[in-house]
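Undergrad: Going by my numbering, the first sequence opens with residue 441, and the numbers climb by one from there.
The following block contains the structure, expressed as structure tokens.
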Amino acid sequence: MLWNEGTRPMRMSRLMVKTLREAPAEAELPSHRLLLRAGLIVPLAAGLYCFTPLGWRVHKRLETIIREEMDRYGAQEVHLPALHPLETWEQSGRATTMGPVLFHLRDRKEREFVLGPTHEEVVSHLASRHIQSYRDLPFTLYQIQTKFRDEPRPRGGLIRLREFFMKDAYSFDADWESLDQSYQEAFDAYVRIFSRAGVPVVAVEADSGAIGGKDSQEFVFLTESGEDEILLCDGCGYAANAEKADFRKPPAVAGEPLPIEEVATPGITTIADLAAFLGIEERQTAKAVFYLADGEPVFVCIRGDLEVNETKLRNALKAADLDPMDEAAVRKHGLIAGSASAVGLKGMRVVADPTAVEAPNLVAGANKADTHLRNVNHGRDWRAGIVSDIALARDGDLCAQCDGRLRGRRGIEMGHVFKLGTMYSEAMGVHYLDETGAQQHAVMGCYGIGVERMLAAVIEANHDDNGIVWPPSVAPFDVHVVVIGAGNDDVDSTLAELESRLEAAGMSALVDDRDDSPGIKFNDADLLGMPVRITVSPRALKNGGVELKLRREGDAEVIPLAGVVERVQAAQQAGGYGG
RNA sequence: CGGGGUGUAGCUCAGCCUGGCAGAGUGCUUCGUUCGGGACGAAGAGGUCCCCGGUUCAAAUCCGGGCACCCCGACCA
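Structure follows, in structure tokens:
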């Protein structure tokens, strides 16, 4: 649990760190500001940071927690190359689907390589060399390794990097039932990892993409500054990424189909205006949205009171790429934005949400300006090529599973567990012979955790106005010793005694021996955030010992030197993060 | 890639509009006084004013182009 047992306490005067009184202007997130102010990281370029000794110690402790929990359930650590031949990515087809995020390079013989953004292909290659029989399954491999992604927008300090450490694990099973168990083991390990590291997370259902796959869950750290929209039911435990979230849609206004008729709607181009103008509800209208799916025009229709979920739409279309049409494309395909409908539409695919198909007598566009149609009915007036749930769940919507309501929250994805299935084992040739001698593809799962992102979240979740408040499990040092009055014989001898006691107990300590004022030292101690602060000073000695203060609590107390180790241990236990 | 913002001392920023000695705070060095919550005095060091080009007697300042960084959206751990 303590990798640095027996090491001498680190002297602040020797530690390669410089705290900053003010954070650089570009840093906005608390974690970003504190990482820079405490000198844990130093920027090199957008999305690239150097870790200082202090920052790297935290990184290593997080890695240790991850390794222990992965090893605990039998996952086996490996190391895979970060440099991959381009052919490996062509073999899976992801050289094109992941195209823009891949960093490309060539060797001296002009052979093309990429820097690995993830390792499904390579681990599949490795596994394929081993797996021959069902007797070789199941197993889970993992590594903690650098990933490279040419992100469109690195951001938030350690939140979104171009080079980062990921703990990525891959399970190989003979069938889906066995995968369920491997998946559950990984899931349980993740719960323990985040709990130990002091990162509160919620597991939410996530989109598994158009590439097949089955269950997929994300471990999300809830924070206003998060980039993901999460929906949580206030009634049952349902939690899902907005991309995936299911909800109960309001019922349609019932009625027998009436004859279609044109109505003049001068200047009306939005659903809200249309409903107000005609004195009807938004759910009595049909909303039209236009997309380009892999370059092909797609007409999308949904009931007017709902929004389109682009992830669900992409999946329904099995499209790799989906973008809303810009004005030029809208014109090019002869669509009238604000007055469009699928009635009489030709030359493009039509995708509809069931709500637009089931509701009778909707008001839809007439495909000419300032005009709409009343009483449009699916089947009679238009027909969708694809009918699929493409509605976006929003804050306040009804839960699909209980009578509760969904609440929208923001969050950052810390980890992802995903039942991949056989996509990669088919592409990369990972197969085995079953009991009957038939060739089968291994069923895979993959499980990722972003280490730096987790570090940032630890700080987001554990800080106050004065600085970081490390959970004992990941603090760079167990104890921060502030020395006041160095040169005084009693202070010097007490410090020496304290240091040897801490060392003997296997506790790591940072000793602020700098020739600075007490105020500077106390403020730095708060900023750096070690769980326990011990002050050695003439005043404390006069009061019978050294002063001990917990970072997460306000008051200090003087205790005899002999009681220090015991108190520090108690504080570590009380931290609530099983070390 | 679209939109917005910023670039001047290690850090935070002023100066730019209205062209004319490159500045403040903080940090750093030295000396002295201090010594329990970012002390005080004195003396110093520190600059490609993001880059390239243009205008001008003269450019941090005006004009053109480029780059970098940050923030918001489409993607991910």
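C-beta atoms are modelled at their ideal positions from N, C-alpha and C, and glycine is treated no differently.
Given THR934, which residues of its chain have a CB within under 8 angstroms of its CB, disregarding the five upstream and five downstream residues?
TA: One-based indexing of the first sequence puts residue 934 at position 494. Within the same chain, VAL976, LEU981, VAL986, LEU1001 come within 8 angstroms of THR934 by CB-CB distance, once the 5 residues on both sides are set aside.
Undergrad: Could you check the C-alpha separation between GLU750 and ALA831 for me, to the nearest Å?
TA: Indexing the first sequence from 1 puts residue 750 at position 310. Indexing the first sequence from 1 puts residue 831 at position 391. Distance between the alpha carbons of GLU750 and ALA831: 9 angstroms.
Undergrad: Specify whether the segment 890-901 and the segment 916-923 touch according to this definition: at least 3 beta carbon pairs, one from each stretch, less than 8 angstroms apart.
TA: no
Undergrad: Measure the Cβ-Cβ separation of VAL791 and VAL740 and say whether it is below 7 angstroms.
TA: In the first sequence, the residue the question calls residue 791 occupies position 351. In the first sequence, the residue the question calls residue 740 occupies position 300. Contact flag set, yes.
Undergrad: From VAL729 to ILE908, what does the alpha carbon distance come to, in whole angstroms?
TA: Taking the first sequence and counting its residues from 1, one reaches residue 729 at position 289. Taking the first sequence and counting its residues from 1, one reaches residue 908 at position 468. Distance between the alpha carbons of VAL729 and ILE908: 47 angstroms.
Undergrad: Please report the residue range of the beta strand (DSSP E) in which SER611 lies.
TA: Your numbering for residue 611 matches position 171 in the first sequence. Residues 603-613.
Undergrad: So what does DSSP say about HIS773, is it helix, strand or coil?
TA: Counted from its first residue, the first sequence places residue 773 at position 333. Reduced to three states, the DSSP call for HIS773 is coil.
Undergrad: May I ask you to list the residues that DSSP assigns as paired with GLU1037?
TA: A query on residue 1037 cannot be resolved here, the shown segment of the chain reaching from 441 to 1019 and no further.
Undergrad: Measuring CB to CB, does ALA726 end up less than 7 angstroms from ALA796?
TA: Here the question's residue 726 lines up with position 286 in the first sequence. Here the question's residue 796 lines up with position 356 in the first sequence. In contact: ALA726 and ALA796 (Cβ atoms closer than 7 angstroms).
Undergrad: Relative to the C-alpha of PRO737, which residue among GLU722, ARG461, VAL998, GLU767 is closest?
TA: The residue labelled residue 737 in the question sits at position 297 within the first sequence. Scanning GLU722, ARG461, VAL998, GLU767 for the CA closest to the CA of PRO737 turns up GLU767.
Undergrad: Is it right to say PRO521 is buried, meaning 16 or more other beta carbons lie within 10 angstroms of its own, or is it exposed?
TA: In the first sequence, residue 521 corresponds to position 81, counting from 1. With fewer than 16 other Cβ atoms within 10 Å, it is exposed.
Undergrad: What does DSSP give as the partner residue(s) for CYS741 in the beta ladder?
TA: Here residue 741 refers to the residue found at position 301 when the first sequence is read from its first residue. CYS741 pairs with ALA728, ALA792.
Undergrad: So, with DSSP's three-state summary, where would you put PHE588?
TA: Counting from 1 along the first sequence, the entry for residue 588 is found at position 148. Residue state, collapsed to three classes: strand.
Undergrad: Whole angstroms are fine: how far does the CA of GLY819 sit from the CA of GLN724?
TA: The sequence position of residue 724 within the first sequence is 284, counting from 1. The sequence position of residue 819 within the first sequence is 379, counting from 1. Cα-Cα distance, rounded: 17 angstroms.
Undergrad: Would you say ASP608 and HIS559 are within 7 angstroms of each other, going by their C-beta atoms?
TA: Counting from 1 along the first sequence, the entry for residue 608 is found at position 168. Counting from 1 along the first sequence, the entry for residue 559 is found at position 119. It is a contact, given that the beta carbons lie within the stated cut-off.
Undergrad: Are VAL518 and LEU581 touching if we call contact CB-CB under 7 angstroms?
TA: In the first sequence, residue 518 corresponds to position 78, counting from 1. In the first sequence, residue 581 corresponds to position 141, counting from 1. Yes, the pair counts as a contact, with Cβ atoms nearer than the cut-off.
Undergrad: Of the residues GLU722, ASP793, ALA769, which one's Cα is nearest the Cα of VAL748?
TA: Along the first sequence, read from residue 1 onward, the residue named residue 748 stands at position 308. For the residues GLU722, ASP793, ALA769, the minimum Cα distance to VAL748 belongs to ASP793.
Undergrad: Ignoring anything shorter than 4 residues, give me the alpha helix (DSSP H) runs that lie fully in the segment 883-911, in order along the chain.
TA: Within the segment 883-911, the alpha helix (DSSP H) runs of at least 4 residues that lie entirely inside it are, in chain order, 891-901.
Undergrad: What is the rounded straight-line gap between the Cα of SER940 and the Cα of PRO449?
TA: Taking the first sequence and counting its residues from 1, one reaches residue 940 at position 500. Taking the first sequence and counting its residues from 1, one reaches residue 449 at position 9. The straight-line gap from Cα to Cα measures roughly 9 angstroms.
Undergrad: Please go through the segment 791-872 and give each complete alpha helix (DSSP H) segment of 4 or more residues, from N-terminal end onward.
TA: 794-798, 863-868
Undergrad: Which residues bound the alpha helix (DSSP H) around GLY511?
TA: Working through the first sequence from its first residue, we reach residue 511 at position 71. The sequence as given places Asp at residue 511; Gly does not occur at that position. Residues 493-512.
Undergrad: For the alpha helix (DSSP H) that PRO958 lies in, which residues bound it at each end?
TA: Here residue 958 refers to the residue found at position 518 when the first sequence is read from its first residue. Run containing PRO958: 958-968, per the alpha helix (DSSP H) assignment.
Undergrad: Ignore the nearest five residues each way along the sequence and tell me which others in GLN1009's own chain have a CB closer than 8 angstroms to its CB.
TA: Counted from its first residue, the first sequence places residue 1009 at position 569. Taken in chain order, the residues that qualify are ALA945.
Undergrad: Using a 10 Å radius around the Cβ and a threshold of 16 neighbouring Cβ atoms, would you call SER913 buried or exposed?
TA: The count along the first sequence starts at 1 and reaches residue 913 at position 473. Flag for SER913 reads buried.
Undergrad: Count Cβ pairs between the segment 592-603 and the segment 480-499 that sit closer than 8 angstroms; are there 3 or more?
TA: Result yes; three or more Cβ-Cβ pairs closer than 8 angstroms.
Undergrad: Between ALA1011 and SER665, what straight-line distance do the alpha-carbon atoms span, to the nearest angstrom?
TA: Counting from one through the first sequence, the residue named residue 1011 turns up at place 571. Counting from one through the first sequence, the residue named residue 665 turns up at place 225. Cα-Cα distance, rounded: 31 angstroms.
Undergrad: Look at the alpha carbon of LEU860 and the alpha carbon of ALA840, and state the distance between them as a whole number of angstroms.
TA: Mapped onto the first sequence, residue 860 falls at position 420. Mapped onto the first sequence, residue 840 falls at position 400. When rounded, the distance between both Cα atoms is 26 angstroms.
Undergrad: Considering GLN572, what are the terminal residues of the alpha helix (DSSP H) in which it resides?
TA: Looking up residue 572 in the first sequence gives position 132. Neither: GLN572 is in no alpha helix (DSSP H) and is coded neither H nor E.
Undergrad: How do the segment 452-466 and the segment 951-964 stand: do at least 3 beta-carbon pairs fall below 8 angstroms, yes or no?
TA: Taking a cut-off of 8 angstroms on C-beta distances, the segment 452-466 touches the segment 951-964, as three or more cross pairs fall below it.
Undergrad: Report the residue from LEU698, LEU802, ALA896 whose alpha carbon sits nearest the alpha carbon of ARG473.
TA: For this step, residue 473 is matched to residue 33 along the first sequence. ARG473 has its Cα closest to that of ALA896, out of LEU698, LEU802, ALA896.
Undergrad: For THR447 and ALA949, what's the separation of their Cα atoms in angstroms?
TA: Residue numbering aside, residue 447 sits at position 7 when the first sequence is read from its first letter. Residue numbering aside, residue 949 sits at position 509 when the first sequence is read from its first letter. Using only the alpha carbons, I get a separation of about 9 angstroms.
Undergrad: Tell me, which residues are paired with THR975 by DSSP?
TA: Stepping through the first sequence from its first residue, residue 975 is reached at position 535. Bridge partners of THR975: VAL922, GLU987.
Undergrad: By DSSP, does ASP761 sit in helix, in strand, or in coil?
TA: Reading the first sequence from its first residue, position 321 is the one you call residue 761. Note: ASP761 maps to coil in three-state DSSP.
Undergrad: Helix, strand or coil, according to DSSP, for ALA478 in the structure here?
TA: Within the first sequence, the letter at position 38 stands for residue 478. Correct three-state label for ALA478: coil.
Undergrad: Going by C-alpha to C-alpha distance, which of ALA680, HIS903, THR710 sits closest to GLU853?
TA: Translated into positions along the first sequence, residue 853 becomes position 413. If we check each option's Cα against that of GLU853, ALA680 comes out closest.
Undergrad: For ASP874, which three-state DSSP category applies?
TA: Along the first sequence, one-based indexing puts residue 874 at 434. In this structure, ASP874 counts as coil in the three-state DSSP scheme.
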